Amino acid sequence: MGFGGISIWQLLIILVIVVLLFGTKKLRNMGGDLGSAIKNFRQSVKDGETEGDTTASQSTESEEGKPLEDKGGRVFDSKATEEKPKEGERQA
Numbered sequence: 001m002g003f004g005g006i007s008i009w010q011l012l013i014i015l016v017i018v019v020l021l022f023g024t025k026k027l028r029n030m031g032g033d034l035g036s037a038i039k040n041f042r043q044s045v046k047d048g049e050t051e052g053d054t055t056a057s058q059s060t061e062s063e064e065g066k067p068l069e070d071k072g073g074r075v076f077d078s079k080a081t082e083e084k085p086k087e088g089e090r091q092a
């Protein structure tokens, strides 16, 4: 019994057909390309996590003036700003 009801012999026949269709050189190139793509993806995710950690720790206030939380669960104080209504607008 193999995978999902497919026996080992059926898997070997499928493998032989794939090798005959694509050839070993093309399969090797595709495997190498897939491996390098996975490696690059993992590296970019790792770089993004470290970049995000340093950016969050450097700033204590967001662009909107809302307080940010650090990893310790504390909220930093922010300045409240009051917007003046433009001419022709009513205050709510």
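Here UniProt numbering is used: the first residue of the sequence shown is 1, the next is one more, and so on.
Ideal Cβ placement from N, Cα and C applies to all residues, glycine included.
These numbers were taken from a predicted model, which means no experiment stands behind them.
With contacts defined by Cβ atoms closer than 8 Å, V19 and L11 do not form a contacting pair.
Counting only the Cα atoms, K39 lies some 10 Å from D33.
Here the alpha carbon of I14 sits roughly 35 Å from the alpha carbon of S44.
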